[in-house]
Structure formats: structure tokens, C-alpha cells
Amino acid sequence: MRYAVIVFPGSNCDHDCYHAMKHVLGQEVDFIWHKEESFQKKYDGVIIPGGFSYGDYLRTGAIARFSPVMKAVDGFAKCGGLVIGICNGFQILLEAGLLPGAMLRNESLKFICKDVYVKVENEQTPFTRCCNRGDVLRIPIAHAEGNYFADDETLARIEENGQVVLKYCDKDGEISQESNPNGSAHNIAGICNEARNVFGMMPHPERCSEAILGNTDGKNILASMVSHSSIFTGGCSIRYTDYKQAQ
Amino acid sequence: MNAKVFVTLKKGVLDPQGKAVQHSLGSLGYGNVQDVRLGKYVEIKLDETDKAKADSQLREMCDKLLANTVIEDYHFVIE
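Written out as C-alpha cells, the structure is:
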């Protein structure tokens, strides 16, 4: 499988994602600079990494979402390609309207960098298929704007549709106000779109995907993508140019 | 012409920064401060003489980039 890691000015988890996909999971990986308007190769998935794209100016992800490469990402997503946004990547997907809702400042107003526990609420997605429903994963967060917000109607809809994939919980899987690190509505840590092929999460799976780092819980998320691609697409993939032609 | 754009969090959206400033004002002795909401102020210099055109352009800029209408409201003044 081949994966694309998008690089914006200010991305800083791009190399971690590259390393996890290439050296831990043994996949082909390319960096794609944000100025690229289309993908030159076929990809099985696109990773939008964490960081501080454009210095978080205006709002997190607000400027990055208008980068030329986002046209390619949008087209890739619209024809069913897997797209995962991690941390700042999640914020960019929200700003781009590929996922519903928005991020507010953490309730505590602090940048929070620590391990948290998340519960797998829906294992029937390409990003959690290596997990079981109810699994509790320990994955680090590192953000100041991870306080997920959506209006009541949207929250009810995404809960009903099974789009709420990960929720903050304690180590026993209890979802409570105490286990909510940033004030997120419904303890939401990760959501997907209705079609299940676009996913955003605030915790960083690429930071806990190998034993030498003391935790492999994050590998479940990344390995899920690889597993999905190998089974459901048999290695075929879609590129933005195909999407343009289809239109 | 010049435009002043104000972007504020929607009513009902919790404003943690506003709350912190409110508490701080309270601790400075301003006990009558009931609520504080923080927002953004943007000044835009526009090479445009048609006010109606400027108005529709600014609305577009706000909807597209300056505000995230999921959580924010905006208004602007053209001078």
C-alpha cells in the first residue's frame, strides 16, 4: 500500500507519521508538499499530520484548508479514498467541511500534552477495524484547541449515524466529565464522515505505535487503515486526476 | 474604502477565554461584570468604490475565511 503524508508550513508530526507508516507498518509513503494541486501517484490513503500549520493564525486549520493540495484531498475523499486527520489534521478537516463541527479552545485554556484514554465507540470503520467495540486505547494528546463543538442537532445526528468513533474515557472505559481533558461535547475525541472514509482524531496514534516507545495502542488505528485497504480495495486506489475525469 | 470586521463566538458557544477575563476583572474589584465575550477585530483596506460590491465581497470573505460560521457570528462596518 502507498500512503501520502501532506506537509504544510508548520506541520511537525509529518515525520512521525511517515516513520510509523513506513518503518513500523512497512508501507510505501510519500511526503506531499501543500503546493501540489494533484497527486502524481495512486494512494491508498492520505494522512494529514499534526502541527501548527500557518502558525494557527486566524483559527487552527483555517488557512491550511485553502492550500492547493486540499483540492486534491477533497477530490480523493469524494471518490472514497481514506483520509485521516490527526490533531491539527483533524482541525483542518473540520475547517474544510469534510467533517462536521468545529474546535474551540480547551476549557482549561491550557495546552495539554499527556496520555489520555479513548474508548472505541464504533469499530466498523476503516480506521478502527483492528479494534473491538469498547476497547480502551491509551494515546497521547498535545493541543490547545481540541474542545470539539457541534450544535445539538449535529451531535444527535453523528451519534445516531455511528460517526462518533472515539470518546475520551478513564482507564476502565468510563466516559465521564473527569475523563474529558478539554471540554469536548459528548467527550468526542474522534469522528468520521457519513461515508466512513474521512476520519479525524485529536490524540496522536503515530506517537505510540511501537514497543520501543512504550506503547503500541496507536498502531491499531494506523494498521486498521492498511488492513482496510488490503481487503476492500485489493490494493487499487484512486487519485485526484481520476476523480476529475469521472466528473 | 476601509472595513472593520468583528468576529465573535455565537451565543450559546462557551467562551473559555471570556470566562477567564471575566474572573480576572472580578478579582480586580469589578464585581459588577456580568459576562465577557472575546472576539476578533479585522481591519481591511479595499480598493473598491462601489459600496454594494464591497458589502457582498466582505460577506463572502467572512463566510469563507474570516469566520467559522459553525461557532462564530460576524458583522462589519464599511467606511
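Protein sequence lines correspond, in order, to chains W and V. The first sequence begins at 536 in our numbering and counts up one residue at a time. The second sequence begins at -2 in our numbering and counts up one residue at a time. Each residue gets a CB set at the ideal place from its N, CA and C atoms; glycine is no exception. Note that the structure is predicted; figures quoted are calculated from it, not measured.
Comparing the C-beta of residue i with each C-beta of chain V, is any distance below 8 Å?
i	result
Leu639 of chain W	yes
Gly636 of chain W	yes
Phe684 of chain W	yes
Gln782 of chain W	Note that Gln782 of chain W has pLDDT 49, beneath the 50 cutoff, so the model's placement of it is unreliable and the number below is only indicative. Cβ-Cβ to chain V under 8 Å: no for Gln782 of chain W.
Leu757 of chain W	no
Ala790 of chain W	Since the first residue shown for chain W is 536 and the last is 782, residue 790 of chain W is missing from the structure and cannot be characterised.
Ser546 of chain W	no
Leu510 of chain W	No information on residue 510 of chain W is available, as it lies outside the stretch 536 to 782 that chain W covers here.
Val594 of chain W	The sequence given here places Arg at residue 594 of chain W; Val does not occur at that position. At least one chain V Cβ lies under 8 Å of Arg594 of chain W.
Leu672 of chain W	no
Leu644 of chain W	yes
Glu688 of chain W	no
Ala691 of chain W	no
Phe680 of chain W	This sequence places Glu at residue 680 of chain W; Phe is not what is there. With 8 Å as the cut-off, Glu680 of chain W does not count as an interface residue toward chain V.
Glu630 of chain W	yes
Thinking residue i and residue j are a contact (beta carbons under 8 Å), I'd like their distance in whole angstroms, please.
i	j	result
His789 of chain W	Ile621 of chain W	Residue 789 of chain W lies beyond the range of chain W shown here (536 to 782); nothing can be said about it.
Leu690 of chain W	His721 of chain W	6 Å
Ala637 of chain W	Asn65 of chain V	5 Å
If you measure between the beta carbons of residue i and residue j, is that distance less than 8 Å?
i	j	result
Phe601 of chain W	Thr660 of chain W	no
Ser759 of chain W	Cys665 of chain W	yes
Val39 of chain V	Leu63 of chain V	yes
Asp752 of chain W	Arg673 of chain W	yes
Phe646 of chain W	Ala679 of chain W	yes
Tyr683 of chain W	Ile747 of chain W	no
Val581 of chain W	Ile627 of chain W	no
Lys42 of chain V	Val4 of chain V	no
Met737 of chain W	Ile693 of chain W	no
Cys704 of chain W	Tyr652 of chain W	yes
Pro584 of chain W	Ser546 of chain W	yes
Glu729 of chain W	Asn750 of chain W	no
Pro635 of chain W	Ala685 of chain W	yes
Ala612 of chain W	Asn732 of chain W	yes
Glu656 of chain W	Val699 of chain W	yes
Lys654 of chain W	Gly708 of chain W	yes
Spell out whether any CB of chain W is found under 8 Å from the CB atom of residue i.
i	result
Ala17 of chain V	yes
Asn137 of chain V	As displayed, chain V neither begins before -2 nor continues past 76, which places residue 137 of chain V out of reach and without an answer.
Gln14 of chain V	yes
Val10 of chain V	yes
Leu55 of chain V	no
Leu22 of chain V	no
Leu43 of chain V	no
Tyr25 of chain V	The residue you asked about is not Tyr; residue 25 of chain V is Leu in the sequence shown. Chain W contact via Cβ: absent.
Ile75 of chain V	no
Do you know offhand how far residue i's Cα is from residue j's?
i	j	result
Gly616 of chain W	Ser24 of chain V	53 Å
Asp44 of chain V	Asp70 of chain V	25 Å
Asp670 of chain W	Lys50 of chain V	55 Å
Val618 of chain W	Lys706 of chain W	28 Å
Asn623 of chain W	Asp591 of chain W	9 Å
Lys754 of chain W	Phe662 of chain W	10 Å
His569 of chain W	Tyr27 of chain V	48 Å
Arg783 of chain W	Glu745 of chain W	What is shown of chain W runs 536 to 782, which leaves residue 783 of chain W out entirely.
Gly718 of chain W	Gln31 of chain V	22 Å
Lys1 of chain V	Leu55 of chain V	10 Å
Ala555 of chain W	Phe566 of chain W	13 Å
Ile710 of chain W	Glu741 of chain W	24 Å
Leu633 of chain W	His20 of chain V	37 Å
Val74 of chain V	Asn29 of chain V	30 Å
Leu789 of chain W	Cys59 of chain V	The question about residue 789 of chain W has no answer here: the residues shown for chain W are numbered 536 through 782.
Ser53 of chain V	Cys743 of chain W	48 Å
Phe543 of chain W	Tyr589 of chain W	8 Å
Asp549 of chain W	Glu76 of chain V	44 Å
Gly610 of chain W	Lys576 of chain W	14 Å
Asp687 of chain W	Gln712 of chain W	18 Å
Only counting the same chain, and skipping five residues up and downstream in sequence, which positions put a Cβ closer than 7 Å to that of residue i?
i	result
Lys7 of chain V	Ile68, Glu69, Asp70
Gln782 of chain W	Low confidence applies here, because Gln782 of chain W scores a pLDDT of 49, under 50, leaving its location unreliable and the question unanswered by this model.
Met605 of chain W	Ala631
Glu658 of chain W	Arg664, Cys666, Asn667, Arg668
Leu35 of chain V	Asp12, Gln14, Gly15, Val18
Thr595 of chain W	Asn623, Gln626, Met638, Glu680
Val559 of chain W	Ser744, Glu745, Lys754
Val761 of chain W	Met536, Leu560, Gln562
Tyr553 of chain W	Val540, Val564, Phe566
Grab me the residues of residue i's own chain with a C-beta within less than 8 Å of its C-beta, minus the 5 sequence neighbours each way, in chain order.
i	result
Glu563 of chain W	Met536, Arg537, Tyr538, Lys557
Gly770 of chain W	Note that Gly770 of chain W has pLDDT 49, beneath the 50 cutoff, so the model's placement of it is unreliable and the number below is only indicative. These residues qualify, in order along the chain: Met536, Asp579, Ser764.
Thr46 of chain V	Met(-2)
Leu22 of chain V	Val30, Val33
Any heavy atom of the ligand COA inside 7 Å of the beta-carbon of residue i?
i	result
Lys570 of chain W	Absence of the ligand COA from the depicted structure is noted, as is the absence of any ligand whatsoever, leaving it without description.
Sorted by chain position, which residues of the same chain lie with C-beta nearer than 6 Å to residue i's C-beta, five sequence neighbours on each side aside?
i	result
Phe587 of chain W	Gly545
Glu529 of chain W	Outside the shown range of chain W, which is 536 to 782, sits residue 529 of chain W, and nothing can be said about it.
Gly725 of chain W	Val700, Leu701, Met736
Val33 of chain V	Gly15, Val18, Gln19
Ile756 of chain W	Phe662, Pro740
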